[in-house]
Amino acid sequence: MLIDPRRIKHCRHCGRPVDYRIPADDNRERAVCDGCGTIHYENPLNVVGTLPVWGEQVLLCKRAIEPRYGLWTLPAGFMELGETVADGALRETVEEAGAKVELEGLLTLLNVVRVGQVHLFYRARMLDTTLDPGPESLDARLFHEHEIPWDEIAFRTVRETLRHYFDCRRSGNGYPLHLADIG
1 MLIDPRRIKH
11 CRHCGRPVDY
21 RIPADDNRER
31 AVCDGCGTIH
41 YENPLNVVGT
51 LPVWGEQVLL
61 CKRAIEPRYG
71 LWTLPAGFME
81 LGETVADGAL
91 RETVEEAGAK
101 VELEGLLTLL
111 NVVRVGQVHL
121 FYRARMLDTT
131 LDPGPESLDA
141 RLFHEHEIPW
151 DEIAFRTVRE
161 TLRHYFDCRR
171 SGNGYPLHLA
181 DIG
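Below, the structure is given as structure tokens:
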């Protein structure tokens, strides 16, 4: 199921209806206002987060919001304007888990084309085990690999990130960036 690229119905500047067409000097259809001529560009959203680690354990949060209410995820969410990818990942970790972490490197970059998103997860070292889940989380807990509720993981990108992390840890060859397309 691909995203319908024709989501914009009205101009954000003047409110008139838009028409989808290829503007001059462009190569794809865009929402173009018939009144003021404004071209509206629609681009993928960035989801940023961390894979927090404490010794042999990783931190997961149980979702208190839809989609996937009650399932486990890594602390992550939509990047905000005015912040870097790293800043967004740190903010989401505090908001969802109340965890203090130090980023150790980008671990996964996952394209989720069908929903117009790019997910970026950092490996992060927890500075202590104090957790204070925010309103978007029912719980935040540390898990050893064998304790992870794999059948209750909320998103394929989270599952992919966890598997990459544990594979890298077992190999002992570091944590190279994992790039993948998620269908």
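Using the UniProt record's numbering, the first residue of the sequence shown is number 1, and each one after it goes up by one.
Every residue gets a Cβ at the ideal spot worked out from N, C-alpha and C, and that includes glycine.
Starting from residue i, trace the beta strand (DSSP E) both ways and give me its first and last residue.
i           : result
residue 186 : Residue 186 cannot be examined here, being either before or after the span of the chain that is shown, 1 to 183.
HIS178      : 178–181
CYS33       : 30–33
For residue i, count the other beta carbons within 10 Å of its own beta carbon; 16 or more makes it buried, fewer makes it exposed. Which is it?
i      : result
VAL47  : buried
LEU179 : exposed
ARG63  : buried
LEU59  : buried
TRP150 : exposed
GLY70  : exposed
ASN177 : Residue 177 is actually Leu in this sequence, not Asn. It is exposed - the Cβ of LEU177 has fewer than 16 other Cβ atoms within 10 Å.
GLU96  : buried
TYR165 : buried
TYR41  : exposed
Return the chain-ordered list of same chain residues with a C-beta closer than 7 angstroms to the C-beta of residue i, the five sequence neighbours on each side being excluded.
i     : result
GLY15 : none
ILE39 : PRO23, ARG30, VAL32
ILE65 : GLU136
Might you give, ordered along the chain, the residues of its own chain that have their beta carbon closer than 8 angstroms to the beta carbon of residue i, omitting 5 neighbours on each side?
i      : result
VAL101 : THR50, PRO52, LEU90, THR93, ALA124, ARG125, MET126, LEU127
GLU83  : ARG91
ASN173 : none
VAL139 : Sequence check: residue 139 is Asp here, not Val. Around ASP139: CYS61, LYS62, PRO133.
GLY98  : THR130, LEU131, ASP132, PRO133, GLY134, ALA140
If you drop the 5 nearest sequence neighbours on each side, which residues of the same chain put their C-beta closer than 6 angstroms to that of residue i?
i      : result
LEU120 : VAL48, VAL85, LEU109
GLU152 : LEU71, TRP72
CYS168 : TYR175
3-residue-minimum beta strand (DSSP E) runs that sit fully inside the UniProt domain "Nudix hydrolase" (43–166), ordered along the chain: 45–54, 57–63, 76–78, 101–112, 117–126, 137–143
Can at least three beta-carbon pairs, one atom from the region 142–151 and one from the region 73–87, be found at a separation below 8 angstroms? no
Touch check for the region 102–112 and the region 16–26: three-plus C-beta pairs under 8 angstroms? no
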